[in-house]
Amino acid sequence: MRKKLVAGNWKMHGNKEQNQELLNAIIAGMPRMRSGECVVCVPYPYLSQVQLLLQNTFIKLGAQNVNQFAKGAYTGEVSAEMLNDFGCHYVIVGHSERRAVYGENDQTVALKYAAAQKSNMVPILCVGETSEQREADVTEQVIFKQLNAVIENSGVSSLVNAVIAYEPVWAIGTGKTATPQQAQDVHSYIRKSIAMLDPEVASALTILYGGSVKADNASQLFAMPDIDGGLIGGASLIATDFISICQSVQN
Ligand code: 13P
7 MRKKLVAGNW KMHGNKEQNQ ELLNAIIAGM PRMRSGECVV CVPYPYLSQV QLLLQNTFIK
67 LGAQNVNQFA KGAYTGEVSA EMLNDFGCHY VIVGHSERRA VYGENDQTVA LKYAAAQKSN
127 MVPILCVGET SEQREADVTE QVIFKQLNAV IENSGVSSLV NAVIAYEPVW AIGTGKTATP
187 QQAQDVHSYI RKSIAMLDPE VASALTILYG GSVKADNASQ LFAMPDIDGG LIGGASLIAT
247 DFISICQSVQ N
């Protein structure tokens, strides 16, 4: 059985007081998960605080980005080993905001993915098309190129220790969710493309959907056969919504 997963991406939100309040409310409202896994990807300065808050809970810790190099003169950057030091299990790589705002290309993302795995973390590799690309009917080509950069660099077997998140750029933070069928079509394309290289890896791969997932649309999305959970932005900052989304993935 494929692992079900709900990952919260806090992006650049929170402070010490809010983090504590949010996590206490989530843990109190949902002491454990029957099945599946839950992770919160928090801003770097709060890794230590959140690591402590999550001790002896079922929620795993993740980060939102990682540098591709092991160490060196890279002012302002954070290495995979540093994240490891704080007990990070997961790290998001290639989020569309990193690609669009910070100019990360497929090659850089592929190196970050490899760096995360080298430090025994599970990369959550984000792929997705813009609205222009969808309108131009090149969604599959865009996704293929993003995936292929990682497969060429790390090999298809590396996906055994990875998660893919399909996040259509036009659905992120816009309130415009992909329909369950639109998302399923791309998820199925991703799984089939990987199956051509290795059917076993493809069938065991967790593929998340991200982009305006909310408490009221999560169940329909997660009911689709190739959608194994979600990468949640805004709704991961509201305890009741995040709990409800985590519950949807277990049904
Ligand atoms: P929203 O859920 O706020 O649309 O964000 C999605 C996202 O970018 C998660 O990584």
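Using our numbering, you'd call the opening residue of the sequence shown number 7 and step up by one each time.
For each residue, glycine too, the CB sits at the ideal point set by N, CA and C.
Could you tell me the boundaries of the alpha helix (DSSP H) in which residue i lies?
i      : result
Glu27  : 22–35
Leu311 : This structure cannot speak to residue 311, because the chain is shown only from 7 to 257.
Val148 : 145–160
Ile251 : 245–255
Met202 : Unbroken run through Met202: none, as it is neither H nor E.
Asp259 : Because the chain in this structure spans residues 7 to 257, residue 259 falls outside the shown range and cannot be described.
Pull up the DSSP beta-bridge partners for residue i, would you.
i      : result
Thr63  : DSSP output for Thr63 lists no bridge partner at all.
Leu131 : Val99, Ile170
Ala69  : Val97
Thr81  : Partner(s): none; Thr81 has no beta bridge.
Gly216 : Leu237
Say yes only if the C-beta of residue i is nearer than 7 Å to one or more non-hydrogen atoms of the ligand 13P, and no if none qualify.
i      : result
Ser137 : no
Asn15  : yes
Ile178 : yes
Glu173 : yes
His95  : no
Ala184 : no
Ile238 : yes
Ser254 : no
Gly68  : no
Val99  : no
Ala241 : yes
Val219 : yes
Gly134 : no
Gly161 : no
Gly20  : no
Gly35  : no
Gly216 : yes
Less than 7 Å separating the Cβ of residue i from some heavy atom of the ligand ADP?
i      : result
Val107 : Looking for the ligand ADP in the displayed structure turns up nothing; the ligands present are the ligand 13P.
Under the three-state reduction of DSSP, which class applies to residue i: helix, strand or coil?
i      : result
Val192 : helix
Glu141 : helix
Val48  : coil
Glu43  : strand
Ala184 : coil
Leu53  : helix
His165 : Here the sequence assigns Leu to residue 165, which means His is not the residue at that position. Looking at Leu165 - three-state DSSP - the assignment turns out to be helix.
Leu211 : coil
Arg38  : coil
Arg8   : coil
Ala106 : helix
Ala76  : coil
Could you please give the first and the last residue of the uninterrupted beta strand (DSSP E) stretch that includes residue i?
i      : result
Asn15  : 11–15
Thr4   : Because the chain in this structure spans residues 7 to 257, residue 4 falls outside the shown range and cannot be described.
Ile238 : 235–238
Open item on the list: Closer than 8 Å is the cut-off here; do at least three beta carbon pairs connect the stretch 201–211 with the stretch 30–44?
Closed with: no
- [ ] Assess, as a yes-or-no matter, whether the stretch 110–127 is touched by the stretch 151–166 under the definition of 3 or more beta carbon pairs within less than 8 Å.
- [x] yes
Task: Touching by the beta-carbon criterion (3+ pairs, under 8 Å), the stretch 23–31 and the stretch 66–86 - done: no
Task: Inter-stretch contact (C-beta, 8 Å, three-pair minimum) for the stretch 138–146 and the stretch 98–114 - done: no
Open item on the list: Any contact between the stretch 178–191 and the stretch 219–239? By contact I mean 3 or more CB pairs, one from each, below 8 Å.
Closed with: yes
Task: Segment contact, 8 Å Cβ cut-off, at least three pairs: the stretch 57–71 with the stretch 87–98 - done: yes
TODO: Take every Cβ of the stretch 193–203, pair it with every Cβ of the stretch 236–245, and state whether three or more of those distances are shorter than 8 Å.
DONE: no
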